[in-house]
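When you read off a place in the sequence shown, starting at 1, and then add 780, the result is the number in the working numbering.
See structure below.
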Amino acid sequence: MIKNNYHFDKHSFQFYKIYVIIIKSGYNYNHCFWRSLMSKLKKIENHVKKYANIIANVIEAEVEIVDNELVRIAGTGLFQDKNNEIVSGVVYKEVIKTKKSLLIKEPKKHELCKKCDYKKECKEKLELSSPILYKEEVIGVIGLICTTDLQKNKVLNNLDSYLNFLEQIGDFISGKVYEYQSEIKTQEINDILKQILNNMDKCVLSLDANNYIINANKSAMKTLKLGAEYASKQVNIISKKLTILGKDIFEITIDDKYFNMVGISIPISSINEKVYNIFIFDNVNTEIPKNLKISNDSYALDAIIGESEIMQNLKNKIRKIADTKSTVLITGKSGTGKELVARAIHDSGERRNRPFIAINCGAIPDSLLESELFGYVKGAFSGASSEGRVGKFELANTGDIFLDEIGEMPYSLQVKLLRVLQERTLVRIGSNKLINLDLRVIAATNMDLKKMVEENKFREDLYYRLNVIPIEIPPLCERGEDLFLIIDKLIEKYNNIFNKYVHTIDEDVKEILKSYSWPGNVRELENIIEFMVNMADDSGRITKNMLYDNILKNKQNIKNDRNISFNDSNDVYTIEEMEKILIKKALELYKDDSNCKNKAASKLGIGIATLYRKIDKYKLNEI
């Protein structure tokens, strides 16, 4: 059963009291709310389909999920293309009636099956059905169907585990229903709250987790010059960490308009786990007294978890370069945390209270990237906004701009970026007016830019202009001593998100995690921890059966590799000698391949930059 896990902090409790007043005033939203339920599972059909596939992949049997009206919401295998059909459901009716799981070991022979109109056509060898409960109500049934003796024996041999697994999946589905219903409630309350806020003299602005405007009251729309299309606008709000008469000072940017505002920011943790910020401010364009001090607190550096020597060196380097105006190039494999390092550089320096604008050069179509970066003027091209547009470089002025996946930047735009770096000026598309820039560029990539230069895929002059201060982030496989520090933080994070109490990792699981190469780095680790916390039961233990198959297979491969020795002698090698031998062996293995070094690095489980460094160290350049 899903629990009603509401979360309120001291700020959001103030708004909760407003909600209570609204409800007590006699507004009746219950009719609309319950009317929207109908088939609860149908409302979350995509989630139900996802969980059906999870069950099928884990247990390797056919799965169908029906609602309490016996309408098939999701199915796999035989049932995959038969959604929205009404099933005969003799067994499912019994499960709905009793609210208990039911095992049919011998279909056609079972008492319930005698009532089925389709028993002669039945191909089932076994059926295991489990109810989906929501607030003591059965809202659907998960049916696990075996059509072969192999599937049947597998289920019978692991019956308790599979039954527990189905019940957990049922709880997850129930949780998604709860989230959906909560969103309906929240929307209706928000509509009422909006009416109240529109009658306030103060400016009120509510933002979602990505800083897009959700609501703005009439005062805010007038003061910030917002049109009716404000819901599509993203806002950049920077706390200056200054106060006037107990209220904070913020700098707000909307399109090309800049304001200073005095007021408060109230973070609200909603019941559907989405984070909102509500800003309530008194006035704009406030003059900031010169004698106010700016806080030196830096939080992003603390978010980089690691006590290993290599990570301590990285943090020290970040501290040293935090105040520099020079361009920084961050390299590292996917998932190592390049944006986290970029934010730490920004937050640790004197620009911390100025804009930090991030843009992924690989996520924006080539045709749009130029206008995103450099902006354009009115009428610059067909389809351009009638008001023009401020580019990301202008938005980042006086602060930092983070160009992620810089290796994906089109060759045609690289020369324009080079000009910006050299001259610290830009010209909007369609304009001839120079705009002076005072900003630092932080770029990042997981590609080998040096090799791309050799292949004429990246400009050499731009590469050297970017690579003024290089920072290489080590892959997770080189940070073994940091592994469980990161795991502990991630478990804490997802315990809070999912209201779990995971506190123990079995020793055999620890060994497997330690031996895994982590090709996806911290991002892959976070995905696995999130999955395992989801799968954990009330015991609070993470066990071996919660691991991904690819990690378990990797463990077996490691066992096989341990049977391989360097030679038959009793010689003992130093770590460096072994490392040199292995690197030399990998290079020789792929020496005839045009992509030799990349393949060798992949085989060794290290980054290409790390491989080049090791090659220089051990003088293996001739291979």
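We put the beta carbon where it would ideally sit given N, CA and C, even for glycine.
Give the list of continuous alpha helix (DSSP H) stretches no shorter than 4 residues that lie fully inside the segment 1072-1123. 1080-1083 and 1089-1101
Verify whether the separation of the beta carbon atoms of N1301 and K1113 is less than 7 Å. yes
Does N837 come within less than 7 Å of chain D when only Cβ atoms are used? Here chain D cannot be found, since the structure has a single protein chain.
Could you check which residue in I1101, I1277, I1292 and L1206 has the C-alpha nearest to that of I1249? I1101
Grab me the residues of S1147's own chain with a C-beta within less than 6 Å of its C-beta, minus the 5 sequence neighbours each way, in chain order. none
Residues near F1005 in its chain [Cβ-Cβ closer than 7 Å; skip 5 each side]: Looking at the sequence shown, residue 1005 is not Phe but Lys. Contacts found: K1037.
Taking just the CA atoms, how far does F1136 sit from N1325? 42 Å
Indicate the three-state DSSP secondary structure (helix, strand or coil) for F952 in the structure shown. helix
What does the Cβ neighbour count give for M1091, buried or exposed, with the cut at 16 atoms within 10 Å? buried
Beta-carbon within less than 8 Å of F1311's beta-carbon, same chain only, minus the 5 sequence neighbours each way: which residues are those? M1326 and Y1328
Would you kindly work out how many angstroms separate the C-alpha atoms of A996 and T966, rounded to a whole number? 17 Å
Three-way DSSP call (helix, strand, coil) for F1182 in this model: strand
Contact under 7 Å by Cβ, V846 with V918: no
Quick one, are the C-beta atoms of V1170 and G1159 less than 7 Å apart? no
Buried or exposed, going by whether 16 or more other CB atoms sit within 10 Å of the CB of K879? exposed
Please classify G1163 as buried or exposed, where buried requires at least 16 other C-beta atoms within 10 Å of its C-beta. exposed
Note the first and the last residue of the continuous alpha helix (DSSP H) segment covering R1245. E1240 to L1246
Pairwise C-alpha distance: I1277 and H811: With a pLDDT of only 40 at H811, under the threshold of 50, the placement of this residue in the model should not be trusted, and no figure is reported.
Within the continuous alpha helix (DSSP H) that includes Y872, where are the two ends? V870 to T878
Which two residues bound the contiguous alpha helix (DSSP H) that contains V1200? Y1191 to E1203
Buried or exposed for S1319, please, with buried defined as at least 16 other CB atoms from any protein chain shown within 10 angstroms of its CB. exposed
Cα-Cα, which of K1397, L1384, K823 and T1205 is closest to E1356? K1397
Give me the Cβ distance between K1118 and I1253, rounded to the nearest whole Å; I'm assuming they're in contact under 8 Å. 6 Å
Cα-Cα separation between A1316 and V838, rounded to whole angstroms: 15 Å
Along the beta strand (DSSP E) that carries I853, what are the first and last residues, could you check? R852 to G855
With 16 other CB atoms within 10 Å as the buried threshold, where does V1042 fall? buried
Roughly how many whole angstroms lie between the Cα atoms of S1165 and L1246? 32 Å
Quick check on the DSSP output: the beta strand (DSSP E) that includes K836 runs from which residue to which? As written in the sequence, residue 836 is Ala, which differs from the Lys given in the question. Taken as a continuous stretch (DSSP letters only), A836 belongs to no beta strand (DSSP E), being part of the alpha helix (DSSP H) at E825 to I839.
Look at the alpha carbon of G1260 and the alpha carbon of K1294, and state the distance between them as a whole number of angstroms. 7 Å
Just tell me which of I1386, K905 and I1186 has its CA closest to the CA of K889. K905
DSSP on A1224, reduced to helix/strand/coil? strand
If you compare alpha carbons, which of S1012, K998 and K1002 is closest to N990? S1012
Determine the DSSP secondary structure at G1163, reduced to helix, strand or coil. coil
Candidates E849, F1061, V843 and I1034: closest to G855 by CA position: V843
Going by C-alpha to C-alpha distance, which of D1184, E1185 and D1180 sits closest to R1204? D1180
Look at the alpha carbon of D1372 and the alpha carbon of V1233, and state the distance between them as a whole number of angstroms. 22 Å
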